[in-house]
Amino acid sequence: MALSLSPGINEEIRRHGAETYPNECCGALYGGDGVVTASFALPNTTEEGPRRRFLVRPQDYREAERRATELRAELLGFYHSHPDHPARPSQYDLDHAWPFFSYIIVSVRGGTPEDMTSWRLRDDRSTFDPEDLVVTEHA
Amino acid sequence: MPNTIHIPTPLRPFTDKHESVEVNGATVGELLADLTKRYDGLRKHLYSDDGKLRNFVNVYLNDEDIRYLQREQTPVKAGDSLSIVPSVAGGAPTSAEATVGNPPAINPRAIADLPTLSQDEIKRYSRHLIMPEVGMDGQRKLKAGSVLCIGAGGLGSPAAMYLAAAGIGRIGIVDFDVVDFSNLQRQLLHGTKDVGRTKNESAKSRLNDLNPHVQVDTYETALSSQNALQLFRDYDVILDGTDNFPTRYLVNDACVLTGKPNAYGSIFRFEGQASVFATAGGPCYRCLYPEPPPPGLVPSCAEGGVLGVLPGIIGVIQATETVKLILGIGEPLIGRFMIYDALRMRFRELKLRKDPECPVCGTNPTVTKLIDYEQFCGLRPEPQQAQTTGAAVNDWEITPVDLKKKMDAGETPFVLDVREPNEYQINKIAGSTLIPLGELPRRYQELPRDREIVTQCKMGGRSAKAQEFLKSVGFTNVKNLRGGILEWIDKVDPSQPKY
C-alpha cells in the first residue's frame with residue numbers, strides 16, 4: 000500500500016506544520032486510488048494543549064466530508080504534525096484512529112519540518128502499519 | 000418504519016460502501032445495535048471493549064448530539080435520521096507514552112532498537128531484571144534514557160546518584176557553581192576533598208565511580224533563556240533542582256515549549272514539594288503558580304536554611320518519578336502536588352488541574368518563547384558597572400566598601416540588620432541594630448528619621464524588601480547594602496565567619 004502526493008501538497012503540509020509550531024496542525028486529505036490530489040487545513044480545536052494534541056471537531060469533520068463531495072474526491076484521511084517529536088504515531092493517535100484513513104504525520108523540530116510518514120490502523124485496532132509515502136515528480 | 004443512519008467515509012468499507020443504511024429500533028441505542036448486528040465489523044470501531052461508545056464517536060439525531068439528549072436511550076420517531084460523525088484526534092507522544100506501530104527504524108524506543116546489556120551490566124542490574132515491571136526490556140529503556148539535572152546541589156545530588164546507579168544511560172548536569180563547605184551538610188555528590196572544585200567536575204567523578212556505564216555530560220553554564228531550549232531537546236526528562244524562582248519558571252516554560260516532562264522538587268527549611276509537570280494533558284508549574292511571589296518574600300535556602308536530610312527525600316522522589324516516566328510504569332505524580340513536612344513527618348497531596356487559562360500551557364498561551372525571567376520575577380538587574388568596579392551606581396544601594404568609607408569618615412549611617420537572631424549570632428556589622436524583617440512593620444517607629452539608614456541581610460534579598468517597606472512608610476534616605484553581610488565579609492572584614 001502506498002500513498003502518493005504531489006510536491007505542492009507535500010510542501011503545503013510541511014508549511015502548515017512550520018506555521019503552527021510549536022503547536023500541532025491538522026488537515027484533511029482528498030483524492031482517490033492512493034493519490035492525494037488536495038489537502039485542506041483545519042483548525043486545531045483541542046482543549047488539551049495544542050502543543051501535543053489535535054482535534055477536528057464533528058462539525059469540521061462534516062464540513063470536510065461535504066468538501067469531498069464538492070471536489071468529487073474521496074476523503075482519504077488526515078494529516079497532523081508532531082512538534083519536536085518523531086513522525087511516529089503515539090498511543091493517543093492509536094486510541095483515536097479510524098479505519099481505512101491514511102494518517103500522515105510530519106515531525107517539526109524547532110520550527111523546521113523534517114520526516115513525514117503515513118500510517119493506517121490495522122483492522123483489529125492493535126497497531127498502526129506504515130504505508131509508503133511517495134512524493135511524485137513534477138508532471 | 001425504518002430509520003436512516005449516515006455512515007462516515009472510514010466506516011463505509013464495512014457497510015458495502017453504502018453512505019447510509021436503513022435500520023430498525025425505538026431508541027438510538029437500538030438503531031445502533033441493529034446496525035452492528037448487520038455489519039459486525041463496525042462494532043470494534045464504534046464501541047470500546049466495555050461496550051461503551053468510544054469518546055471520539057459522535058452520534059447525531061437529526062442535528063443534535065445525543066450527548067445532549069438522552070444518549071443511547073433517546074427515543075426515535077419515524078423520519079428521524081442518525082449520523083455517525085467522527086472526531087479526529089491525535090498528537091505527539093510524551094516520553095511516558097510509548098509510540099506504536101511497526102518497523103520504522105528511527106524510533107529510539109522500539110524494543111529491537113534499544114541498546115543491549117553487557118554481562119557486567121546484567122550482573123549490576125540483577126535486582127531490577129528479576130522484577131517483571133522492569134526486566135530486560137525496562138533496563139534497556141533506562142539505558143536508552145536521558146535525564147538533564149538542573150543543578151548539582153541539594154536535590155540534584157541524591158537524584159543524580161540514584162539515577163546513575165539505576166542505569167540511566169545519559170545524565171546531563173547544568174551547574175556553574177564551585178563546591179563550598181556550606182554545601183556539604185546536604186549535597187552528597189560532593190565531599191570535603193571536593194571543596195573548591197567545580198560542582199560539575201566533582202559530580203562527574205562521583206557518578207562515574209557509582210556507575211561507569213553512565214555517560215555524564217556537564218554544562219558549565221547558568222541555564223538561560225538563550226540555551227535552555229537547545230539543552231532540553233537532547234533529553235527525555237528534565238529534573239528541576241533549582242533554588243530560585245527565575246530558573247524555576249525558566250525550567251517550567253522551556254519544558255512546556257520543548258514537550259519534556261519536568262520532574263519537579265523544591266525544599267525550604269523543613270518542608271519539601273514534588274510533582275511532575277508539563278506532560279501532555281497534565282498541568283505545569285504555572286497552572287499552580289502563574290506569577291512568582293514578590294521578590295524577597297520567600298527566602299532562598301541560603302537565607303532561610305534547610306534541614307540537611309530534607310533534599311534526600313525530595314530528590315529521591317524526583318528520581319523515582321523520572322525512572323517511572325522512562326519505564327512507562329505506575330502512576331506518575333502528574334496532576335498531584337506532594338508536600339512533605341519533615342517536622343511532623345507527614346506527606347500531603349493536593350490535586351492539581353491543568354489551567355486552560357495558563358499563560359504557557361493553556362488553550363491560548365501568551366508565552367510562546369522564553370522571556371527575561373529575572374525581570375519577570377521582579378529582581379532588579381545587577382548593573383554591569385557595579386560588578387566590575389565595585390562602586391555603587393545608583394542611589395538605592397551602597398557597596399560594603401563605600402559603607403566602610405563612610406563609617407571611617409565619621410559619618411554614622413544607621414545599619415539595620417533584618418536577619419533572624421540566630422544569624423546575627425554568627426556574624427554582624429559592628430554597631431548594627433537587629434530587627435528581623437517580619438517584625439519591621441510593627442517596630443519601624445524605633446528607627447531614626449533624621450539619619451541615613453542602610454538595610455542589610457545575608458545576601459541583599461530580604462534587606463531590599465525592608466528598604467521597599469521603609470520607603471512605603473515615608474523613610475526617604477534608605478539604602479540597601481549590596482551583597483549583604485557576605486559581601487561585607489569578602490570586601491571589608493574577612494575576620495568574621497561566613498555561613
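Heads up: the protein sequence lines correspond to chains A and B, in order. Under numbering that gives the first Met the number 0, the residue at position 20 of the first sequence is numbered 19, and the numbers go up by one with no gaps. Under numbering that gives the first Met the number 0, the residue at position 312 of the second sequence is numbered 311, and the numbers go up by one with no gaps. Think of the CB as a built atom: it goes at the ideal place given N, C-alpha and C, for glycine as much as any other residue. Computed from a predicted structure; not experimentally measured.
If you count every other CB in all the chains shown that lies within 10 Å of the CB of residue i, and 16 or more means buried, which is it?
i: residue 445 of chain B; result: exposed
i: residue 350 of chain B; result: exposed
i: residue 0 of chain B; result: exposed
i: residue 344 of chain B; result: exposed
i: residue 117 of chain A; result: buried
i: residue 264 of chain B; result: buried
i: residue 30 of chain A; result: buried
i: residue 316 of chain B; result: buried
i: residue 49 of chain A; result: buried
i: residue 238 of chain B; result: buried
i: residue 384 of chain B; result: For residue 384 of chain B, the predicted model reports a pLDDT of 38, less than 50, meaning its position is unreliable and no value from the coordinates is stated.
i: residue 67 of chain A; result: buried
i: residue 23 of chain A; result: buried
i: residue 23 of chain B; result: exposed
i: residue 336 of chain B; result: buried
i: residue 241 of chain B; result: buried
i: residue 308 of chain B; result: exposed
i: residue 466 of chain B; result: buried
Would DSSP call residue i helix, strand or coil?
i: residue 133 of chain A; result: strand
i: residue 163 of chain B; result: helix
i: residue 210 of chain B; result: coil
i: residue 194 of chain B; result: coil
i: residue 128 of chain A; result: strand
i: residue 480 of chain B; result: strand
i: residue 254 of chain B; result: helix
i: residue 113 of chain A; result: strand
i: residue 27 of chain B; result: helix
i: residue 274 of chain B; result: strand
i: residue 350 of chain B; result: strand
i: residue 30 of chain A; result: strand
i: residue 80 of chain B; result: strand
i: residue 363 of chain B; result: coil
i: residue 5 of chain B; result: strand
i: residue 73 of chain B; result: coil
i: residue 103 of chain A; result: strand
Contact criterion: CB-CB distance below 9 Å. Does residue i meet it with respect to chain B?
i: residue 28 of chain A; result: no
i: residue 24 of chain A; result: no
i: residue 66 of chain A; result: no
i: residue 71 of chain A; result: no
i: residue 124 of chain A; result: yes
i: residue 10 of chain A; result: no
i: residue 109 of chain A; result: yes
i: residue 55 of chain A; result: yes
i: residue 135 of chain A; result: no
i: residue 51 of chain A; result: yes
i: residue 4 of chain A; result: no
i: residue 45 of chain A; result: yes
Does residue i come within less than 9 Å of chain A when only Cβ atoms are used?
i: residue 8 of chain B; result: yes
i: residue 19 of chain B; result: no
i: residue 175 of chain B; result: no
i: residue 287 of chain B; result: no
i: residue 420 of chain B; result: no
i: residue 276 of chain B; result: no
i: residue 228 of chain B; result: yes
i: residue 131 of chain B; result: no
i: residue 250 of chain B; result: no
Going by C-alpha to C-alpha distance, which of the options sits closest to residue i?
i: residue 334 of chain B; options: B/241, B/68, B/479 and B/273; result: B/273
i: residue 128 of chain A; options: A/15, A/37 and A/119; result: A/119
i: residue 27 of chain A; options: A/48, A/133 and A/15; result: A/15
i: residue 226 of chain B; options: B/253, B/241 and B/375; result: B/253
i: residue 218 of chain B; options: B/231, B/410, B/212 and B/207; result: B/231
i: residue 482 of chain B; options: B/498, B/441, B/397 and B/440; result: B/397
i: residue 188 of chain B; options: B/467, B/162, B/366 and B/346; result: B/162
At a Cβ threshold of 9 Å, is residue i touching chain D?
i: residue 59 of chain B; result: Among the chains of the structure shown, chain D does not appear; the protein chains present are A and B.
Checklist line | Selection of the stretch 459-493 of chain B by Cβ proximity to chain A, strictly under 7 Å | finding: If the cut-off is 7 Å between Cβ atoms, the stretch 459-493 of chain B has nothing near chain A.
Notebook entry, point to check: Given a limit of 8 Å on CB to CB distance, which residues of the stretch 181-213 of chain B reach chain A?
Noted result: For the stretch 181-213 of chain B, the set of positions with a beta-carbon nearer than 8 Å to some beta-carbon of chain A is empty.
Note to self: So if I threshold CB-CB distances at 9 Å, which residues from the stretch 86-105 of chain A count as touching chain B?
What the structure shows: When CB distances to chain B are screened at a threshold of 9 Å, the residues of the stretch 86-105 of chain A falling below it are 86, 87, 88, 89, 90, 91, 92, 93, 94, 95, 96, 97, 98, 99, 100, 102 and 104, in chain order.
Notebook entry, point to check: In chain order, what residues of the stretch 331-355 of chain B put their CB closer than 8 Å to some CB of chain A?
Noted result: Shown in chain order are the members of the stretch 331-355 of chain B whose Cβ falls below 8 Å from a Cβ of chain A: 353 and 355.
Note to self: Tell me which residues of the stretch 53-78 of chain B have at least one Cβ-Cβ distance to chain A shorter than 7 Å, keeping chain order.
What the structure shows: Correct list: 55 and 57.
Next item on the list: Quick one: which residues of the stretch 33-55 of chain B get their C-beta closer than 7 Å to a C-beta of chain A? List them in chain order.
Entry: Within the stretch 33-55 of chain B, the residues whose Cβ lies closer than 7 Å to some Cβ of chain A are 43, 44 and 55, listed in chain order.
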